[in-house]
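Asker:
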Amino acid sequence: MTLRSLFAGAIAAGLAVSAGFAAPAQAFTSEEKSDIEGVVRDYLMAHPEILLDMSQALQDKQEAERKVAQKSAIASVGKALFSSPAGTVLGNPDGDVTVVEFFDYNCTYCKHAMSDMTELLKDDPKVRFVLKEVPLLGPQSVAASHVSLAFRSVAPDKYGEYHLRLLGSRGVVDEQRAIDVAGELGVDEPTLRQAMRSTEVGAAMAESNRLSQALMINGTPSYVVSDEVIPGAVGLDELKRMIEDTRSCGSASC
15 MTLRSLFAGA IAAGLAVSAG FAAPAQAFTS EEKSDIEGVV RDYLMAHPEI LLDMSQALQD
75 KQEAERKVAQ KSAIASVGKA LFSSPAGTVL GNPDGDVTVV EFFDYNCTYC KHAMSDMTEL
135 LKDDPKVRFV LKEVPLLGPQ SVAASHVSLA FRSVAPDKYG EYHLRLLGSR GVVDEQRAID
195 VAGELGVDEP TLRQAMRSTE VGAAMAESNR LSQALMINGT PSYVVSDEVI PGAVGLDELK
255 RMIEDTRSCG SASC
């Protein structure tokens, strides 16, 4: 028996013993259990790097399971995910590939990634880009999103420009900043306040939150392309690759 197979058997048995898994009473004597635990301990002390390998293997397994669950969730919520209310589609409304972005107005990475979106839409006239607001970064983001969705409800044709101005603004984006930018585009505060009280705005916020939870999105920006959720500001080149893969094989990763 090789050292590797001996260790594999010892570690399995040791873990079972340590975890208190049920085993036949005659399986191991107290002395044998002590020997097994000693083998496991000595090996790990001599080769601590194996713990890193085990940790990485666990992370890889969990990531693979998460991707499978997300693919299933995309298929389940697809209609609500890829469709969008008036004003929230940028680029080609009849484009052959849709990119969905979940964003927060106070997300620094979202601000940096905004140029990726604008370059993508300039370079690829067949892309359909859908915006989903998920204010994850606290009360100020929630308040700003409330104003933004109110603006969208009363001036959907200006929402794209509003989004770019508000996301591109410096400093913290709060309710007042969102109201000020709306004013720059011709929508006054009383109009916004009235819209903010509407059931439409509340429903829009609830819908985006529901979708982000279903897709296990816990950070921004996060993108959905075809059958994949892509966390983080992955950059223009990666977005282009996923779009081309979608056109080629119907999946964001061929």
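Residue numbers (this note's numbering): 15 to 268.
In this text, a Cβ means the ideal position worked out from N, Cα and C, and glycines have one as well.
As the structure is a prediction and not an experimental result, all values here were calculated from the model.
1. If you check the beta carbons only, do VAL243 and MET256 fall under 8 Å apart?
2. Please return the same chain residues whose Cβ sits closer than 7 Å to the Cβ of ARG164, not counting the five positions on each side in sequence.
3. Have a look at ASP199 and PHE143 and give me their C-alpha separation to the nearest angstrom.
4. Can you give the beta carbon distance from LYS136 to ASP110, rounded, assuming they're within the 8 Å contact cut?
5. What number of angstroms, rounded off, separates the C-alpha of VAL161 from the C-alpha of ILE193?
6. Report yes if the C-beta distance between LYS125 and GLY174 is below 8 Å; otherwise report no.
7. Once you ignore the five residues that flank ILE225 on each side, which residues in its own chain have a CB closer than 7 Å to its CB?
8. What does the alpha-carbon distance come out to for the pair ASP56 and PRO62?
9. In the segment 95 to 143, which residue ranges form an unbroken alpha helix (DSSP H) of at least 4 residues, counting only runs that do not cross its ends?
10. Does VAL156 come out as helix, strand or coil in the three-state DSSP assignment?
11. Which of the three DSSP states, helix, strand or coil, is assigned to SER236?
Answerer: Per the coordinate set shown:
1. Counted from its first residue, the sequence shown places residue 243 at position 229. Counted from its first residue, the sequence shown places residue 256 at position 242. Their beta carbons are not under 8 Å apart, which means VAL243 does not touch MET256 by this criterion.
2. To locate residue 164, count along the sequence shown from 1; it is residue 150. Before going further, note that residue 164 is Ala rather than Arg in the sequence given. Result list for ALA164: LEU206, ALA209, MET210 and VAL215, in chain order.
3. For the purposes of this step, residue 199 is taken as the residue at position 185 of the sequence shown. For the purposes of this step, residue 143 is taken as the residue at position 129 of the sequence shown. It should be pointed out that residue 199 corresponds to Leu in this sequence rather than to Asp. C-alpha separation (whole angstroms): 22 Å.
4. Here residue 136 corresponds to residue number 122 of the sequence shown, with the count starting at 1. Here residue 110 corresponds to residue number 96 of the sequence shown, with the count starting at 1. Actually they are not in contact, since the Cβ atoms of LYS136 and ASP110 sit about 17 Å apart, beyond 8 Å.
5. Along the sequence shown, read from residue 1 onward, the residue named residue 161 stands at position 147. Along the sequence shown, read from residue 1 onward, the residue named residue 193 stands at position 179. Near 7 Å, if we compare the C-alpha coordinates of ILE193 and VAL161.
6. The residue labelled residue 125 in the question sits at position 111 within the sequence shown. The residue labelled residue 174 in the question sits at position 160 within the sequence shown. No, they are not a contact pair.
7. Walking along the sequence shown from the start, residue 225 turns up at place 211. For the sequence presented, residue 225 should be read as Leu rather than Ile. Taken in chain order, the residues that qualify are VAL91, ALA94, LEU95 and LYS146.
8. Along the sequence shown, read from residue 1 onward, the residue named residue 56 stands at position 42. Along the sequence shown, read from residue 1 onward, the residue named residue 62 stands at position 48. Computed Cα separation, rounded: 10 Å.
9. 122 to 137
10. Here residue 156 corresponds to residue number 142 of the sequence shown, with the count starting at 1. VAL156 falls in the helix class under three-state DSSP.
11. As a working mapping, residue 236 is identified with position 222 in the sequence shown. It is a strand residue.
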